[in-house]
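S.K.:
In our numbering, the protein residues as written are -18 to 212.
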């Protein structure tokens, strides 16, 4: 696996990786990232299917949307400001936010900080602040809830609808699921969302093999020492 969406990271993934973990928050961004990686693979004579693009996903599910929203509100209320600020500051390359009003805007972040942090998440944080007008508190709540990955809130069918849209729209090959809390977040997803995905033919009923590579539909690479062993 390769993690991230920087220019260097994309090139490494296209040449070597079998899976890519990346924060993507809109379908348009996911489609651009997906298309770019698959095109880059051509110069390394790699088929598109040899690399699985799998953004992170934090799904907060309830039997109804109201239940899911209530759970999300409860979980957000449990994020201590000190913890949220530390996570956010670390993601901004160690930029100290402790002297700023939590309910005020995010200050301008010097570009030199970007080199000290994950580029994809940093860009998303700046976008939330500039385009959505989120306060520092709102930003750290969103970031801390899923460590910068996309959060979906809704009923099983609503969660499945969004996952299907991204998959059929060539934005992903799959998702890396981040439970909002354990064990309940994982248990709810398995009990409520997986059956919905299976009914749509989007999730297996049985595993394809014994290894992660087999279950991801990836070919086992030929050993670089195979010819030597044969001799």
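The beta-carbon is built from N, C-alpha and C at its ideal position, and this holds for glycine as well.
1) Only counting the same chain, and skipping five residues up and downstream in sequence, which positions put a Cβ closer than 7 Å to that of residue 29?
2) Please state whether the Cβ-Cβ distance between residue 125 and residue 39 is less than 8 Å.
3) Determine the direct distance from the alpha carbon of residue 203 to that of residue 137, and round the result to whole angstroms.
4) How far does the beta strand (DSSP E) with residue -11 in it reach, from first residue to last?
5) Which same chain residues, not among the five before or five after residue 68, have their C-beta less than 7 Å away from its C-beta?
6) Secondary structure at residue 186, three-state DSSP: helix, strand or coil?
7) Do you know how far the Cα of residue 31 is from the Cα of residue -3?
8) Tell me the residue span of the beta strand (DSSP E) that contains residue 40.
9) Using 8 Å as the threshold, is the C-beta distance between residue 196 and residue 188 below it?
10) Give the secondary structure of residue 47 by DSSP, where H, G and I count as helix, E and B as strand, and everything else as coil.
11) Closest to residue 85 by C-alpha separation, out of 79, 66, 116 and 75, would be which residue?
12) Determine whether the beta carbon atoms of residue 132 and residue 41 lie at a separation below 8 Å.
13) Taking the alpha-carbon positions, what's the residue 89 to residue 112 distance?
14) For the region 7 to 17 against the region 71 to 84, do three or more pairs of beta-carbon atoms, one drawn from each stretch, fall closer than 8 Å, so that the two count as touching?
15) Rounded to whole angstroms, what is the Cα-Cα separation between residue 73 and residue 110?
16) Pull the bridge partners of residue 86 from the DSSP assignment, please.
17) Sort out for me which residues DSSP pairs residue 131 with in a bridge.
18) Count the other CB atoms, across all protein chains shown, that sit within 10 Å of the CB of residue 180; report buried if there are 16 or more and exposed otherwise.
19) Going by CA-CA distance only, name the one from -1, -17, 174 and 46 that's closest to residue 193.
20) Along the chain, where does the alpha helix (DSSP H) containing residue 64 start, and where does it finish?
21) Return helix, strand or coil for residue 200, following the three-state DSSP convention.
22) Going by other Cβ atoms of all chains shown within 10 Å of its Cβ, with 16 needed for buried, is residue 102 buried or exposed?
23) Taking the straight line between their C-alpha atoms, what separation do you get for residue 75 and residue 91?
M.R.: On the basis of the supplied data:
1) Hits under 7 Å: 19 and 22.
2) The answer is no: Cβ separation not under 8 Å.
3) Residue 137 and residue 203 have their C-alpha atoms some 40 Å from each other.
4) For residue -11, no beta strand (DSSP E) run applies; the uninterrupted alpha helix (DSSP H) run containing it begins and ends at -12 to -3, by DSSP.
5) Result list for residue 68: 121, 124 and 125, in chain order.
6) Secondary structure of residue 186 (DSSP, three-state): coil.
7) When rounded, the separation of the alpha-carbon atoms in residue -3 and residue 31 is 10 Å.
8) For residue 40, the uninterrupted beta strand (DSSP E) run begins and ends at 37 to 42, by DSSP.
9) For residue 196 and residue 188, yes; Cβs fall inside 8 Å.
10) If DSSP states are grouped into helix, strand and coil, residue 47 belongs with the helices.
11) Per the Cα distances, 116.
12) The beta carbons of residue 132 and residue 41 sit closer together than 8 Å.
13) Roughly 14 Å between the two C-alpha positions.
14) Fewer than three pairs of CB atoms, one per stretch, sit closer than 8 Å, so the region 7 to 17 makes no contact with the region 71 to 84.
15) CA-to-CA, the gap between residue 73 and residue 110 works out to about 13 Å.
16) Checking the DSSP bridge columns, you'll see residue 86 partnered with 116.
17) Under the DSSP definition of a beta bridge, residue 131 partners with 38.
18) With fewer than 16 other Cβ atoms from the protein chains shown falling within 10 Å of its own Cβ, residue 180 counts as exposed.
19) Taking each of -1, -17, 174 and 46 in turn and checking the Cα distance to residue 193, the smallest one comes out for -1.
20) The continuous alpha helix (DSSP H) containing residue 64 extends over residues 62 to 72.
21) If DSSP states are grouped into helix, strand and coil, residue 200 belongs with coil.
22) By the 10 Å Cβ count, residue 102 comes out buried.
23) If you draw a straight line from the Cα of residue 75 to the Cα of residue 91, it is about 11 Å long.
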